[in-house]
Amino acid sequence: PLPLRRFLTSKDQFHEYLRAQGTPGSEEARQEDEEEEPASSDRTEPPAKRARSDEPLAEGESQEDAEEAGRGEKEPGERKRARGQNKSRPCMKPNHYEKSRLCPSVTQGCAEKCYFGARCRFLHDISEYMAVKPADLGQNCVLFATFGKCIYGVTCRFAQAHLGDGYQNIINMELAKQWEGKSLVRNNLPKDLQHRLRKKKFSFEKADEYLRRLGKPQDKGGKGNKTSGISTEGQEVSNCTAPEESPKDAPEHSVLPEEGEDPKAAALESPCTMDALESSPIKTMGPVTDEDIIKLRPCEKKKLEIQGKLYLAPLTTCGNLPFRRICKRFGADVTCGEMAVCTNLLQGQSSEWALLKRHHTEDVFGVQLEGAFPDTMTKCAELLNQTIEVDFVDINVGCPIDLVYKKGGGCALMTRSNKFEQIVRGMNSVLDVPLTVKIRTGVQEKINVAHKIIPKIREWGASMVTLHGRSREQRYTKVADWDYIAECAKIASPMPLFGNGDILSYEDANRAMQMGVSGIMIARQVTGGALIKPWIFTEIKEQRHWDISSSERFDILKDFTNYGLEHWGSDTQGVEKTRKFLLEWLSFLCRYIPVGLLEHLPQKINERPPYYMGRDYLETLMASQNVDDWIKISELLLGPVPTNFTFLPKHKANSYR
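Per our numbering, the sequence shown runs over residues 368 to 1024.
As structure tokens, then:
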């Protein structure tokens, strides 16, 4: 579904039009060029964005070879297709765009209580700060207009809206009282908790008990059954968690009950249950009851009832709180925080704890954890269970990046079944909320293993599984295998299974739900269309294609920047952090093709469009994949960028200069 022919253009004409600021003259020139050269070869899709051919490859021929042969002789200056991440991209720190900063103690009105005293490297003289402060970016402060008070005072980049004589911070008392005592964002990291974590004084009673049982060697012996650093002296052994064994020594047993057999009966007759009965210190008489086998928890575990709901996936970098607020407004039912590394959370890192924050509008909210070992994952689960408010905790067993995979986390857990089991059982034993797991089809492209793992995950105690229909080797390329997802949904029953992959329209969502899944997860650039078009939730619920105008899309960006200023702050540091995440999001938004320009509906998620002109200048600007044009959009919303400002998106394939 490419744009209609009258909207197609060449790369040079596209950027010439944008450089001319969309003047009528440039538009007329473009139309004249179209009439003179209706079949120009310049209007074909640029090689870097040409969609992959669906034709079968010859034996021994790679996809890259086929693409190279298809495009003919390599043109001079043509770049090789960019893949992967920009690992060495520049990092703009606060001192890059603000040399002289005001001490926070002055902003908070307690300059005499500055912790550093004479050693403080920040300014304490407001007049001196105001002399070097960058110019204000606007006349309206979103914090002052919304809450009646801006906590950033004179450092706010919109301070003229709430500064009185003598740089006094004005407060709208009537509006401020309406918000007094209300918690808008939950799951913050208290200083006392951070101190206890850094000093290793937090108590992990339940996790330690589980790990002691896990670390005790089995009577039959086994390899790799000890957990490093855990004392096993004088502790009982639980046979429910098998020790690490080599594939040759691993016992073969059926995970699924035989056809016609009651799953509950099969669970009661499992070796784990019998061993638990034999080792129980309490001798019973008479029939065996549920109370004899299943110990009720002091706090019964909540149920996760989200079948049929729209689930916004945890999105690294872009799935921040302001973006989730945008998606909630458009109809997302379930939201999840960005992937958080369990070891960083256990160390009390503020940047990692920021990923757990929850806005009060997120009624069904979960957090996603990544880790490779049962000790850190179980302890982290107990930590979160005691300190934050969530509706579920998700384990990331789908992350394909090398940094995670080579340490044994993410997709690697699918090949480390013993560790995987210990993590799921351990986390489930310390959580009072449901535990979910997100997996891929497997590690290798043509070897699916999810159907073998899903029954085990159900047996280990997980409440739900989300399956991304691609392997680790596929990363985010090629189409998702929904036939395989449907097969796994039958195997997972009665445990809910959500499907994930290639959903960019309500037709895609309808086809996915017909596959027998319990619900759908909508994610990023090629696994779902939330980053390309966050209004996809509205389209699915209203069963229509929304031909959203450029002004409406710009209003969405404006709302995002307001939410960002609320969340990250309206001072220079907050403005630039909001700009950074806005630019990351724009690197995905530019892939959207307006419905009114498409030759056929709907847009396919794995197709890159050729260069096309929008129906107005703003629509054309939003279609640009040039970083400088994204920066131009950010300047329309957040004012001029600082001197020497640079930006590169996280993914190489998202832009060029």
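All C-beta atoms in this analysis are idealised placements derived from N, C-alpha and C, irrespective of residue type, glycine included.
key: Supposed close pair Leu898, Cys685 - CB separation, criterion 8 Å   = Rounded, the Cβ-Cβ distance is 6 Å, consistent with contact.
#### Entry: Whole-number beta carbon distance between Val764 and Ile806, since they are thought to touch under 8 Å
Confirmed, about 5 Å.
Self-check item: DSSP beta-bridge partners of Ile806
Solution: Bridge pairing for Ile806: Val764, Leu834 [DSSP].
Problem set entry | Counted within 10 angstroms of its Cβ, other Cβ atoms place Phe514 as buried (16 or more) or exposed | Phe514 counts as buried, since at least 16 other C-beta atoms from the protein chains shown sit within 10 angstroms of its C-beta.
Classify Met540 as buried or exposed, calling it buried when 16 or more other Cβ atoms lie within 10 Å of its own Cβ. The residue in question, Met540, is exposed, as its Cβ has fewer than 16 Cβ neighbours within 10 Å.
* **Alpha-carbon spacing of Ser872 relative to Leu375, whole angstroms** => Spanning the two alpha carbons is a distance of roughly 23 Å.
Measure the CB-CB distance between Gly793 and Ala739 and report whether it falls below 9 Å.
Their beta carbons are not under 9 Å apart, which means Gly793 does not touch Ala739 by this criterion.
Member of Val791, Asn993, Arg975 whose CA lies at the smallest distance from the CA of Lys845: Checking every option, the nearest Cα to that of Lys845 belongs to Arg975.
_Can you look up Gln714 in the DSSP assignment and give me helix, strand or coil?_
Annotated three-state conformation of Gln714 is coil, per DSSP.
Next on the checklist: By alpha-carbon positions, which one of Thr945, Phe865, Lys466, Leu780 ends up nearest to Leu671?
Outcome noted: Taking Leu671 as reference, the option from Thr945, Phe865, Lys466, Leu780 with the minimal CA-CA separation is Phe865.
Next item on the list: Could you have a look at Val734 and say whether DSSP puts it in helix, strand or coil?
Entry: DSSP, read as helix, strand or coil, puts Val734 in strand.
Check your understanding: Pairing CB atoms from the segment 819 to 827 with CB atoms from the segment 847 to 854, are three or more of them under 8 Å?
Key -> With the cut-off at 8 Å, the segment 819 to 827 and the segment 847 to 854 do not touch.
Q | Where Ile887 sits in the DSSP three-state scheme | A | DSSP, reduced to helix, strand and coil, places Ile887 within a strand of the structure shown.
Suppose you measure from the CA of Leu578 to the CA of Pro681; what does that come to, to the nearest Å?
Approximately 29 Å between the Cα atoms of the pair.
- Query: How many whole angstroms separate the CB atoms of Met989 and Ser918, which I take to be in contact at a CB cut-off of 8 Å?
  - Reply: Contact flag wrong, Cβ pair sits at about 11 Å.
*Paired residues, beta bridge with Met989 - DSSP*: Met989 has no beta-bridge partner at all, per DSSP.
Is it buried or exposed, Ser494, if we count other Cβ atoms within 10 angstroms and call 16 or more buried? Exposed, by the Cβ-count rule.
### Within 9 Å, strictly: CB atoms of Glu737 and Cys703
The Cβ-Cβ distance between Glu737 and Cys703 does not fall below 9 Å.
In the DSSP assignment, what are the bridge partners of Val757?
-> In the DSSP output, where bridge partners are listed per residue, Val757 has none listed.
Check: Given a threshold of 16 other Cβ atoms within 10 Å of its Cβ, counted over all protein chains shown, does Thr728 qualify as buried or as exposed?
Finding: The residue is exposed, with fewer than 16 neighbouring Cβ atoms inside 10 Å.
_Alpha-carbon spacing of Phe1012 relative to Gln714, whole angstroms_ = If I take the Cα positions, the gap works out to 32 Å.
Please name the residue in Lys900, Met888, Asp761, Arg373 whose C-alpha comes closest to that of Gln970.
Comparing Cα-Cα distances from Gln970 to each of Lys900, Met888, Asp761, Arg373, the minimum goes to Lys900.
- Item | For Gln475 and Arg958, the rounded distance between their alpha carbons | Whole-angstrom Cα-Cα distance: 43 Å.
task: On the DSSP bridge assignment, give the partners of Leu530 in chain order.
output: Its beta-bridge partners are Asn536.
Output the distance between the C-alpha atoms of Glu812 and Cys855, rounded to the nearest integer angstrom. Distance from the CA of Glu812 to the CA of Cys855, rounded to the nearest whole angstrom, comes to 17 Å.
- prompt: With 16 as the cutoff for other CB atoms within 10 Å, does Lys466 come out buried or exposed?
  reply: Counting of Cβ neighbours within 10 angstroms places Lys466 among the exposed residues, the total staying below 16.
(message) Using CA atoms only, rank isn't needed, just tell me which of Lys549, Gly733, Asp983 is closest to Arg725.
(response) Of the candidates Lys549, Gly733, Asp983, the one whose C-alpha sits nearest the C-alpha of Arg725 is Gly733.
### Query
Within 10 angstroms of its Cβ, does Lys773 collect 16 or more other Cβ (buried), or is it exposed?
By the 10 Å Cβ count, Lys773 comes out exposed.
Taking Cβ positions, are Lys676 and Val800 nearer each other than 9 Å? No; because the gap between Cβ atoms is not below 9 Å, this pair is not in contact.
- Item | Residues bridged to Asn752 (per DSSP) | DSSP, once it has assigned bridges, lists no residue as partnering Asn752.
query = Is the distance from the Cβ of Ile762 to the Cβ of Leu712 below 9 Å?
reply = No.
message: What does the alpha-carbon distance come out to for the pair Pro741 and Leu798?
response: Distance between the alpha carbons of Pro741 and Leu798 is about 14 Å.
Find out if the Cβ-Cβ distance for the pair Val810, Glu840 is shorter than 9 Å.
Glu840 sits close to Val810, with the two beta carbons spaced by under 9 Å.
Tell me the DSSP secondary structure of Ala847 in three-state form.
Ala847 falls in the coil class under three-state DSSP.
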